[in-house]
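Asker:
Chains as they are written, first to last, in this note's numbering: chain A, -12 to 52; chain B, 16 to 214.
1) Rounded to whole angstroms, what's the CA-CA distance from residue 23 of chain B to residue 204 of chain B? Just pull it up for me.
2) Between the beta-carbon of residue 59 of chain B and the beta-carbon of residue 35 of chain B, is there less than 8 Å?
3) Return the chain-ordered ranges of every alpha helix (DSSP H) run that is complete within the stretch 112 to 185 of chain B and spans a minimum of 4 residues.
4) Quick check on residue 44 of chain B: does DSSP put it in helix, strand or coil?
5) CB-CB under 8 Å to residue 16 of chain B, same chain, minus the five flanking residues each way: which ones, in chain order?
6) Between B:57, B:99, B:98, B:117, which has its C-alpha nearest residue 79 of chain B's C-alpha?
7) Which full runs of the alpha helix (DSSP H) of 4+ residues lie inside the stretch 47 to 111 of chain B, going along the chain?
8) Identify the contact partners of residue 200 of chain B in chain A, using a Cβ-Cβ distance below 7 Å as the criterion.
9) Within the same chain, show all residues whose beta-carbon is closer than 7 Å to that of residue 127 of chain B, passing over the 5 residues directly before and after it, in chain order.
10) Looking only at its chain, what residues have a beta carbon closer than 6 Å to the beta carbon of residue 110 of chain B, apart from the 5 residues adjacent to it on each side?
11) From residue 200 of chain B to residue 47 of chain A, what distance separates their C-alpha atoms?
12) CB residue 248 of chain B to CB residue 170 of chain B, shorter than 8 Å?
13) So the candidates are B:123, B:106, B:95; which of them puts its Cα closest to the Cα of residue 13 of chain A?
14) Confirm, please, whether the CB-CB distance from residue 196 of chain B to residue 42 of chain A is below 8 Å.
15) Taking the continuous beta strand (DSSP E) assigned at residue 22 of chain B, which residues delimit it?
16) Output needed in chain order: residues of the stretch 25 to 48 of chain A with a Cβ under 8 Å from some Cβ in chain B.
Put into structure tokens, the structure is as follows:
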């Protein structure tokens, strides 16, 4: 089964800011949550997803500059 | 900006006094309960809302998100005033900014002196000259429009009416979560494709 949009979002955010731990640190999230979301074992709540989305938008726009 | 109305929302008398002292000479209205904010915004149409973060956190985040969705009707800058610098302040700031706050200020960084108040006043008022920060949902929709090749094509892709999409893009309300996820999937796929492009 292909990964969910939630899983791909967390993976992309981690990739853009230098890894899963960097993402956990940046958003004050627990590293096991990040791992579980990427593995599609659980999904982040919408509020958490929106913070992850914001990281993706900020970082990808910065990379375009 | 000095002539625009300011709505101060705070539930602690000491904080209210401090903010009123800091904004002396300006037209300031006050609300002391979150549930009064919507009515106060409709009544006074402030250009700047100063929100003390002494209320229950989730309700405060929801209020900021709601007000950000209403910016088309009531354009204003939203400044969040945090009581003190404590962990996890960065999480609180991220939540507030994600909900649409224009500025996040830690009150304890500004001593209660004439000079401290003056610097705080300038920082609060400078937020009003910043364009309001779009919510992540709005930013996703805007980027999805570019990727899809226009509003009509995105509306078709999302299977929504174009007037609804236009309304969301204007900041009037937000799409259902399923629609947002579809739009975000488009943005994500575009980024994933970009990452796979040969350099």
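Beta carbons: idealized from backbone N, C-alpha and C, even for Gly.
None of these values were measured; they are calculated from a predicted model.
Answerer: Quick answer:
1) In the second chain, counting from the first residue as 1, residue 23 of chain B sits at position 8. In the second chain, counting from the first residue as 1, residue 204 of chain B sits at position 189. Between residue 23 of chain B and residue 204 of chain B, the alpha-carbon positions lie close to 42 Å from each other.
2) For this step, residue 59 of chain B is matched to residue 44 along the second chain. For this step, residue 35 of chain B is matched to residue 20 along the second chain. No. Outside cutoff.
3) If one requires a minimum length of 4 residues, the alpha helix (DSSP H) runs lying completely within the stretch 112 to 185 of chain B are 129 to 142, 151 to 163, 166 to 173, 177 to 184, in chain order.
4) The residue you call residue 44 of chain B lines up with position 29 of the second chain. Residue 44 of chain B falls in the strand class under three-state DSSP.
5) Counting from one through the second chain, the residue named residue 16 of chain B turns up at place 1. Only weak support is given to the placement of residue 16 of chain B: the predicted model assigns it a pLDDT of 45, under 50, and the value that follows is read from those uncertain coordinates. Closer than 8 Å at the Cβ level, and outside the excluded window around residue 16 of chain B, lie 62, 63, 140, 143, 144.
6) Translated into the one-based positions of the second chain, residue 79 of chain B becomes position 64. Answer by Cα proximity: B:117.
7) 52 to 59, 72 to 84
8) Working through the second chain from its first residue, we reach residue 200 of chain B at position 185. By Cβ distance, chain A contributes -8.
9) Taking the first residue of the second chain as position 1, residue 127 of chain B is located at position 112. For residue 127 of chain B, where only same-chain residues beyond five positions count, the Cβ hits under 7 Å are 33.
10) By 1-based counting over the second chain, the position of residue 110 of chain B is 95. 76.
11) Here residue 200 of chain B refers to the residue found at position 185 when the second chain is read from its first residue. Here residue 47 of chain A refers to the residue found at position 60 when the first chain is read from its first residue. The alpha-carbon atoms of residue 200 of chain B and residue 47 of chain A are separated by roughly 15 Å.
12) No statement about residue 248 of chain B is possible, as the shown extent of chain B runs from 16 to 214 and does not include it.
13) What you label residue 13 of chain A is simply residue 26 of the first chain in a count that begins at 1. Considering only alpha carbons, the answer is B:106.
14) On the first chain, position 55 is the one that residue 42 of chain A refers to. On the second chain, position 181 is the one that residue 196 of chain B refers to. Contact flag unset, no.
15) As a working note, residue 22 of chain B is residue 7 in the second chain. Segment 21 to 24, the beta strand (DSSP E) holding residue 22 of chain B.
16) 33, 34, 37, 38, 40, 41, 43, 44, 47
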